[in-house]
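Q:
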Amino acid sequence: MRFTGRAEGDLGHGGEYVEQVDPAVEARRRAVVDRPWIWLRQVHGDRIVTVDPAGLGAGEVADGSVTREPTVALSVLTADCAPVALAAPEGVIAVVHAGWRGLASGVIARAVEAVRACGGQTVVAAVGPCIHAECYEFGAGDLDAVAAALGDSVRGQTTAGRPALDLPAGVRRALVLAGAELTYDADVCTACAADAYFSHRARQESERQGVVAWLG
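Throughout the sequence shown, residue numbering follows the working numbering, covering 1293 to 1508 in sequence.
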């Protein structure tokens, strides 16, 4: 499993899934891990797809994928949303694109359920760089919606003292509720770390980093 950033370059196409991958993008992906990458049409929802040996699931509308197949690499694209990787010792892995809408609708829980449906028992999680509360001013109504789903730990403040969403806290709470153990948290804000990560919200960048996971 690996979280990427500026050092690995843009791994997407303006944040969009495309059937024909640009050779330069493909080369950057292969430099991270040299096997077929499974990408999704991310929509900030809660759907998780299962990937089989033939790569079924690639390009589907979903915000996470799960597999037991060792010949592929699962991945999701992010700029400020949280990239999450899940694994179970029974040989099951998953990746999740967790933005605020996905969190509120239960995408983390759906992913953990998918790992268990594939035979995973003890599920562990890793969370990559994402936007933090100090840079994530949030509307009251949307903040209330996330808090209704996950509790008031998601409420934060910006550096200017404005209401904010604490996205990492939301991911942590969702993992607890789903019964998964958080074993790694990058604890880096994509908006603050301009030298290391892309950020759509802070810098209107179209490039994407993400998480890629594979079975050894």
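From the three backbone atoms N, C-alpha and C, an ideal C-beta is built for every residue, glycine too. Since the structure is predicted, the reported quantities are computational estimates derived from the model, not experimental observations.
Where do the ends of the alpha helix (DSSP H) carrying Ser1445 lie?
A: Per DSSP, Ser1445 belongs to no alpha helix (DSSP H) and is neither H nor E.
Q: How is the alpha helix (DSSP H) around Val1407 delimited, first residue to last?
A: Val1399 to Ala1409
Q: Let me know if Arg1454 comes out buried or exposed under the rule of 16 or more other beta-carbons within 10 Å of its beta-carbon.
A: exposed
Q: Would you say Ala1377 and Ala1418 are within 9 Å of each other, going by their C-beta atoms?
A: yes
Q: How many angstroms separate the CA atom of Gly1337 from the CA atom of Gly1448?
A: One Cα belongs to Gly1337, the other to Gly1448, and the distance between them is close to 23 Å.
Q: What does Gly1502 pair with, by DSSP beta-bridge criteria?
A: Leu1369
Q: Near Gly1297, what residues of its chain come up, given a Cβ to Cβ distance below 6 Å and the 5 sequence neighbours on each side ignored?
A: Answer for Gly1297: Ala1488, Tyr1489 and Gln1501, listed in chain order.
Q: Just to confirm my understanding: we take Ala1472, look at its own chain, exclude 5 residues before and 5 after, and list those with CB closer than 6 Å. What are they?
A: Val1404, Val1415 and Ala1417
Q: Have a look at Phe1295 and Val1324 and give me their C-alpha separation to the nearest angstrom.
A: 10 Å
Q: Work out the CA separation of Ala1456 and Ala1437 for me, nearest whole Å.
A: 13 Å
Q: Can you tell me the Cα-Cα spacing of Pro1328 and Ile1423, whole angstroms?
A: 28 Å
Q: Could you check if Pro1421 is buried or exposed, using at least 16 other CB atoms within 10 Å of its CB as the buried criterion?
A: With 16 or more Cβ atoms within 10 Å of its Cβ, Pro1421 is classed as buried.
Q: Return helix, strand or coil for Trp1331, following the three-state DSSP convention.
A: Correct three-state label for Trp1331: coil.
Q: For Glu1300, does the three-state DSSP call read helix, strand or coil?
A: helix
Q: Please report how far the alpha carbon of Gly1351 lies from the alpha carbon of Ile1330, in whole angstroms.
A: 8 Å
Q: State yes or no: is the C-beta of Thr1359 within less than 9 Å of the C-beta of Ala1386?
A: yes
Q: For the beta strand (DSSP E) holding Glu1473, just list the boundary residues, first then last.
A: Glu1473 to Asp1477
Q: Using 8 Å as the cut-off, can you tell me whether the segment 1341-1349 makes contact with the segment 1461-1481, which would need three or more C-beta pairs spanning the two stretches below that distance?
A: no
Q: Just to confirm my understanding: we take Pro1381, look at its own chain, exclude 5 residues before and 5 after, and list those with CB closer than 7 Å. What are they?
A: Thr1414
Q: Tell me, please, which residues DSSP counts as bridged to Glu1429.
A: Paired residues: Ala1456.
Q: Which same chain residues, not among the five before or five after Asp1458, have their C-beta less than 6 Å away from its C-beta?
A: Closer than 6 Å at the Cβ level, and outside the excluded window around Asp1458, lie Ala1425, Val1446 and Gly1448.
Q: If you follow the beta strand (DSSP E) that Val1389 is in, where does it begin and where does it stop?
A: A small fix is needed here, since residue 1389 is His in this sequence, not Val. Where His1389 is concerned, the enclosing beta strand (DSSP E) stretches over Val1384 to Ala1390.
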